[in-house]
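Residue numbering for the sequence shown follows our numbering, starting at 1 and increasing by one per position.
Read through the structure below, which is laid out as structure tokens, and then see the notes.
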Amino acid sequence: MEQIYIIRETIVSFYKRFEAYILITLKFLVGLFVFSQIGRIGLYLPIFEPLNTSPMQLPYTLLMAMLFTVMTMTVGYGLIIINICIQTSSALGVMAFIAAFMTLILFFYARLAPRENFLILATFFAFQLGIPYIVPLLAGLYLGLTSIIPVSIGIMIVSLVPFFRFLLDDALLMAELLDVDLTLMPEYFGGLYTAIFSDIMGNQAWIFTAFTFAMVIFIVYIVSRFTIDHSREIALGAGLVVMIISSIIAQIIAPPGTGLGGVVFAVILSGLLAFLALFFDMVLDYQRTERVQFEDETNFYQVKIIPKIATSRKQRVLKRISVREEDIGSKDYLLNDYPDELPRSRPSERPESRYDRRPVSRFDDEHDDMPDDGPVRKYGSRYSRVYRDKDNEDEA
């Protein structure tokens, strides 16, 4: 187990050292995936054909991914809306509905909640990878109850994608939208919007999925705040149990779709990835848990202290220097050449400084018979010996 902790500390230290570069790379890959998926729609007007043909398609996708990387999430959502409108420009009604719907999401939620708005893309991305159940587990563990809204929006967008593909692939509907008389345009748009809203409200699958994800986020958030040992792990386990039970209920009451085995496998895989993320985020030593109680004039405090498990310590390297006896014998001056007491230095030989003063001494550099005794006076942080003239004392 100690070796596993050492490997974890190595990976965490590497991530912290190159965190900025790793996050930029991940954001670029997400942008590249999103704009590649948008580019597959292919129902654009002839004016946009140069951007979607072989000479310019790849550079244009890379350019959009780089712009998405350097921009904020709010501006990045706007860039996604523009590209979706370009790709669906031949289907005017669908383009107008998508633009209006995503613009409302952008201005009324994504712009006001910059901390959670990335969950909309994360939910869509997780559904494409087949592990959507990891989103509510991590959202409830790290973001809280406010993450229910972006996760539900992401689920609704995922559920609308097949319906939009059906509308965009209907050649007759596209022809009618292109060749219709302008006086009949409101009627066609009205029928199209009615069909879209009917699909949103009549599709019970996404409503049940959103309700299940919201319940998982709530349970994980509440249980992880309990003051018990291993509360985070217990919260993830409770969320997994709720999702498995919900999947079984959905297979019973809903039409046959994905097999129960595949759903359970996706849930377990998502749970393992969530536990792995928690392991790399924090490992606590519950055996050394301490509870501290103290009070002041107005409050009484109870604090639970759980130390983290840390194995990365700087190892001290001790170097032993061995000397041969013949080398010691040749350097006896290091031990024997100095007497026990060093001779006194004369006043003229001492370095001059503002702390080294001799106010009452009349000796100068020409006197060689300087006495060795005399009182000591302190000036500043150093001591200076005061010398008296014995001849003048005898005359007196």
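Even for Gly, the Cβ is constructed at its ideal location relative to N, Cα and C.
In terms of residues, what are the limits of the alpha helix (DSSP H) holding residue i?
i: Glu116; result: Unbroken run through Glu116: none, as it is neither H nor E.
i: Val264; result: 260-281
i: Tyr133; result: Premise fails: Tyr133 is in no alpha helix (DSSP H) and is neither H nor E.
i: Gly144; result: Where Gly144 is concerned, there is no enclosing alpha helix (DSSP H), given that its DSSP letter is neither H nor E.
i: Lys27; result: 19-39
i: Pro397; result: Residue 397 is absent from the model: the chain starts at 1 and stops at 396.
i: Phe208; result: 204-224
i: Asn233; result: The question names Asn, but residue 233 in the sequence shown is Glu. Looking at the DSSP string, the run of the alpha helix (DSSP H) that includes Glu233 is 231-253.
i: Phe107; result: Segment: none, Phe107 is in no alpha helix (DSSP H) and carries neither H nor E.
i: Leu79; result: 73-87
Any chance the CB of residue i is under 8 Å from a heavy atom of the ligand SAM?
i: Ile148; result: This structure does not include the ligand SAM; it has no bound ligands of any sort.
Just to confirm, is the Cβ distance from residue i to residue j under 9 Å?
i: Phe124; j: Gly154; result: yes
i: Met243; j: Val267; result: yes
i: Tyr5; j: Val263; result: no
i: Phe265; j: Glu233; result: no
i: Gln87; j: Ile41; result: yes
i: Pro132; j: Thr72; result: no
i: Ser147; j: Ile217; result: yes
i: Ser246; j: Leu260; result: no
i: Ser89; j: Leu23; result: no
i: Glu116; j: Pro162; result: no
i: Phe280; j: Val34; result: no
i: Glu9; j: Ala310; result: yes
i: Thr227; j: Lys304; result: yes
i: Arg288; j: Pro307; result: yes
i: Tyr77; j: Ala110; result: yes
i: Asp207; j: Leu160; result: The sequence shown places Ile at residue 207, rather than the Asp named in the question. No. Outside cutoff.
i: Val94; j: Phe48; result: no
i: Pro136; j: Ala250; result: no
Over what stretch of residues does the beta strand (DSSP E) that includes residue i continue unbroken?
i: Arg291; result: 290-295
i: Gln302; result: 300-305
Roughly how far, in whole angstroms, is the beta-carbon of residue i from the beta-carbon of residue j, given that I think they are within contact range, below 8 Å?
i: Glu295; j: Tyr301; result: 6 Å
i: Ala210; j: Ser270; result: Not really, about 17 Å apart at Cβ, beyond 8 Å.
i: Leu104; j: Thr74; result: 14 Å between Cβ atoms; not a contact.
i: Tyr221; j: Leu278; result: Wrong, their Cβ atoms sit about 14 Å apart, outside the cutoff.
i: Val158; j: Phe127; result: 5 Å
i: Gln57; j: Gly39; result: 7 Å
i: Phe28; j: Thr69; result: 5 Å
i: Leu141; j: Ala235; result: 7 Å
i: Ile134; j: Leu26; result: Between Leu26 and Ile134 the Cβ distance is about 15 Å, and since that is not below 8 Å, they are no contact.
i: Ala91; j: Leu43; result: 6 Å
Are at least three pairs of beta-carbons, each pair with one atom in the stretch 99-114 and one in the stretch 78-87, less than 8 Å apart? Because the criterion of three Cβ pairs below 8 Å is met, the stretch 99-114 and the stretch 78-87 touch.
Contact between the stretch 48-67 and the stretch 2-20 is defined here as three or more beta-carbon pairs at a separation below 8 Å; is this criterion met? No, the stretch 48-67 is not in contact with the stretch 2-20.
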